[in-house]
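Undergrad: Residue numbers (our numbering), protein chains in the order written: chain H, 3 to 189; chain Z, 619 to 797.
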Amino acid sequence: MNFSEKELFGAALIGFDMIDGPFLKWKKNFEATKDVVNLDDFAMNFYLAFRGGNAGKKPRAILYDKFYIVAFPKDLELCCLFMKPQGIENNIKQLNNIASRIMLEMEENDEEEENDDASESDDDTVEEIKRLILNLLNGNEMSTPDLRKYFKLNNSQIWKLMSDLEASQKVKRSDQKKGRAVVWTIK
Amino acid sequence: MVSPTFNALAKISIMGHPAVGKTTMLKLLAKNDNFDPLYIPTQGFDLKSIELNNYNLKVWDFGGQKAYLKYLEDYLDGSDLVFIVTDSTPRNVLNSKKLIELAKNLVDGECPIIAIANKQDLCKDEENRMKPKLVEDLLHIKTYGLTAINPTEKKKLIEIIEKELNHTLVRKGLKESEF
Numbered sequence: 003m004n005f006s007e008k009e010l011f012g013a014a015l016i017g018f019d020m021i022d023g024p025f026l027k028w029k030k031n032f033e034a035t036k037d038v039v040n041l042d043d044f045a046m047n048f049y050l051a052f053r054g055g056n057a058g059k060k061p062r063a064i065l066y067d068k069f070y071i072v073a074f075p076k077d078l079e080l081c082c083l084f085m086k087p088q089g090i091e092n093n094i095k096q097l098n099n100i101a102s103r104i105m106l107e108m109e110e111n112d113e114e115e116e117n118d119d120a121s122e123s124d125d126d127t128v129e130e131i132k133r134l135i136l137n138l139l140n141g142n143e144m145s146t147p148d149l150r151k152y153f154k155l156n157n158s159q160i161w162k163l164m165s166d167l168e169a170s171q172k173v174k175r176s177d178q179k180k181g182r183a184v185v186w187t188i189k
Numbered sequence: 619m620v621s622p623t624f625n626a627l628a629k630i631s632i633m634g635h636p637a638v639g640k641t642t643m644l645k646l647l648a649k650n651d652n653f654d655p656l657y658i659p660t661q662g663f664d665l666k667s668i669e670l671n672n673y674n675l676k677v678w679d680f681g682g683q684k685a686y687l688k689y690l691e692d693y694l695d696g697s698d699l700v701f702i703v704t705d706s707t708p709r710n711v712l713n714s715k716k717l718i719e720l721a722k723n724l725v726d727g728e729c730p731i732i733a734i735a736n737k738q739d740l741c742k743d744e745e746n747r748m749k750p751k752l753v754e755d756l757l758h759i760k761t762y763g764l765t766a767i768n769p770t771e772k773k774k775l776i777e778i779i780e781k782e783l784n785h786t787l788v789r790k791g792l793k794e795s796e797f
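#1: DSSP three-state label for Z:I778, please.
#2: Have a look at Z:Y693 and H:L50 and give me their C-alpha separation to the nearest angstrom.
#3: With a threshold of 6 angstroms on Cβ separation, who are the neighbours of Z:K760 within its own chain once the five nearest residues in sequence on each side are excluded?
#4: Name, in chain order, the residues that DSSP records as bridge partners for H:L16.
#5: Would H:F11 and H:F44 qualify as a contact pair, given that the criterion is a beta-carbon distance under 8 angstroms?
#6: With a floor of 4 residues, list each alpha helix (DSSP H) that falls wholly inside the stretch 647-715 of chain Z, ordered by position along the chain.
#7: Just to make sure I have the definition right: I need the residues of chain H whose C-beta is within less than 7 angstroms of the C-beta of Z:A637. Which are they?
#8: Going by C-alpha to C-alpha distance, which of Z:N672, Z:G681 and Z:L670 sits closest to Z:P636?
#9: Could you tell me the alpha carbon to alpha carbon distance between Z:C729 and H:N140, rounded to whole angstroms?
#10: Please report the straight-line C-alpha distance between Z:N713 and Z:P659, rounded to a whole angstrom.
#11: On the DSSP letters alone, give me the boundaries of the alpha helix (DSSP H) that H:I135 sits inside.
#12: Taking just the CA atoms, how far does H:R62 sit from Z:Y686?
#13: Cutting at 7 angstroms between CB atoms, please list the residues of its own chain near H:Y70, excluding the five before and the five after it.
#14: Nearest chain Z C-beta to H:M105 closer than 8 angstroms, yes or no?
#15: Looking at the strands, I want to know which residues DSSP matches up with H:N31.
#16: Within a Cβ cutoff of 6 angstroms, which residues of the same chain sit near Z:M633, ignoring the five residues on either side of it in sequence?
#17: So with Cβ pairs under 8 angstroms, would you call Z:N736 a contact of chain H?
#18: Quick one: what's H:R62 bridged to in DSSP?
#19: Return the Cβ separation of Z:L783 and Z:Y657 in integer angstroms, given the expectation that the two are a contact with Cβ distance under 8 angstroms.
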């Protein structure tokens with residue numbers, strides 16, 4: 003990627019205190035930017051986004067909607083460079099098309115065949131999933147495929163759970179449908 | 619007068635199983651954050667700086683998924699107050715016992731571990747949600763009831779935090795008892 007310094011609109015150095023956690027050590031705006039990011043609020047979360055966890059690979063850049071950050075760690079410190087996403091909109095559009103295609107293919111595959119990878123859950127996990135489903139449906143209506151996205155379950159498994167919850171009168175089918183899918187709500 | 623050292627270091631950690639209302643509780647404390655009915659699980663951690671009357675707080679909201687538990691040891695360290703949030707269902711309350719034991723092993727003895735019996739608004743409609751007293755009897759730690767989605771409960775939550783941090787200050791000898 004060709005890089006122009008004009009793309010850089012700000013920089014920040016985030017330090018880490020063992021008691022206090024990440025903190026904003028220094029920041030500089032190279033040009034007036036309106037509410038792109040409130041560094042005071044986000045410094046800590048940036049730090050964890052780039053350095054969270056103890057092992058494994060760490061990201062070097064994270065793309066947000068209106069900007070992206072490239073970060074360079076040194077010891078416990080992290081230097082963040084804030085960039086305007088110039089010239090990458092087209093790439094993002096193309097990548098978005100690919101991602102949409104992959105997700106669509108996955109959904110179609112799921113409908114055609116059961117996912118053999120989904121293992122049987124123990125009773126404890128099943129009960130915990132039921133508790134979470136009831137929380138998700140509290141004040142909301144959600145379709146079976148939407149609910150399924152929150153768990154590692156295949157179609158049969160989510161349907162068995164929903165049938166159990168329906169039989170125990172904890173959930174009911176909404177009058178509406180989302181496409182062909184049943185929409186659920188709390189009873 | 620609050621010790622300036624403590625003031626700068628006040629760290630609150632919020633733990634609990636998924637979808638019990640940890641992030642909603644954090645949003646209740648933070649300014650200009652409205653309740654969003656769409657549940658989006660916290661990915662790892664969320665952190666916010668919050669100024670109360672006497673305290674500058676750093677509030678750490680830990681994602682409730684099992685995969686994040688292994689990181690708690692690193693990030694719970696130095697907490698001045700730990701909240702264990704439950705959704706007040708019997709099953710979740712009982713499961714929270716393990717989290718309490720985990721927290722007790724990771725924070726120093728002076729740090730209060732307080733349970734929040736959240737979603738108290740649902741107690742009226744659902745027989746299987748528990749009142750704070752019953753949650754306290756089961757968990758054997760001080761428990762407060764809360765409805766984190768209700769903005770009017772912000773004052774109550776602030777009072778809980780100030781009360782518990784005051785106790786910590788007194789225990790640490792950084793403040794004289796008001797009683």
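Ideal placement from N, C-alpha and C gives every residue a C-beta, glycine not left out. Predicted, not measured: the structure shown is a model, and the values here were computed from it.
TA: So, to answer that:
#1: Within the second sequence, numbered from 1, the residue matching residue 778 of chain Z stands at position 160. Z:I778: helix per DSSP, three-state reduction.
#2: Translated into the one-based positions of the second sequence, residue 693 of chain Z becomes position 75. Translated into the one-based positions of the first sequence, residue 50 of chain H becomes position 48. Distance between the alpha carbons of Z:Y693 and H:L50 is about 11 angstroms.
#3: Position 142 of the second sequence, counted from the first residue, corresponds to residue 760 of chain Z. Closer than 6 angstroms at the Cβ level, and outside the excluded window around Z:K760, lie I732.
#4: As a first step, residue 16 of chain H is located in the first sequence; it is residue number 14 there, counting from the start. Correcting the residue type first, residue 16 of chain H is Ile in the shown sequence and not Leu. Paired residue(s): H:L26 and H:L80.
#5: Start at 1 with the first residue of the first sequence, and residue 11 of chain H comes out as number 9. Start at 1 with the first residue of the first sequence, and residue 44 of chain H comes out as number 42. The answer is no: Cβ separation not under 8 angstroms.
#6: Qualifying alpha helix (DSSP H) stretches, in chain order: 690-694.
#7: For the purposes of this step, residue 637 of chain Z is identified with residue 19 of the second sequence, where counting begins at 1. Per Cβ cutoff of 7 angstroms: L134, N137 and L138.
#8: Mapped onto the second sequence, residue 636 of chain Z falls at position 18. Nearest option by C-alpha distance: Z:G681.
#9: Position 111 of the second sequence, counted from the first residue, corresponds to residue 729 of chain Z. Position 138 of the first sequence, counted from the first residue, corresponds to residue 140 of chain H. Spanning the two alpha carbons is a distance of roughly 33 angstroms.
#10: Along the second sequence, read from residue 1 onward, the residue named residue 713 of chain Z stands at position 95. Along the second sequence, read from residue 1 onward, the residue named residue 659 of chain Z stands at position 41. A direct Cα-Cα distance of roughly 19 angstroms separates Z:N713 from Z:P659.
#11: Position 133 of the first sequence holds residue 135 of chain H. Element bounds for H:I135: D125 to L139.
#12: Reading the second sequence from its first residue, position 68 is the one you call residue 686 of chain Z. Reading the first sequence from its first residue, position 60 is the one you call residue 62 of chain H. Answer to the nearest angstrom: the Cα atoms are 22 angstroms apart.
#13: Along the first sequence, one-based indexing puts residue 70 of chain H at 68. Counting only Cβ-Cβ distances below 7 angstroms, and skipping sequence neighbours, we find A63, I64, M85 and P87.
#14: Mapped onto the first sequence, residue 105 of chain H falls at position 103. It does not; no Cβ of chain Z falls within 8 angstroms.
#15: Counted from its first residue, the first sequence places residue 31 of chain H at position 29. Per DSSP, H:G12.
#16: Taking the first residue of the second sequence as position 1, residue 633 of chain Z is located at position 15. If we look at Z:M633 and ignore the five residues flanking it on each side, its Cβ neighbours are F680, I702 and L717.
#17: Taking the second sequence and counting its residues from 1, one reaches residue 736 of chain Z at position 118. No, Z:N736 lies away from the interface with chain H (no Cβ there is under 8 angstroms from its Cβ).
#18: Numbered from its first residue, the first sequence carries residue 62 of chain H at position 60. Answer is none; H:R62 lacks a bridge partner.
#19: Mapped onto the second sequence, residue 783 of chain Z falls at position 165. Mapped onto the second sequence, residue 657 of chain Z falls at position 39. Not confirmed; about 29 angstroms, so no contact.
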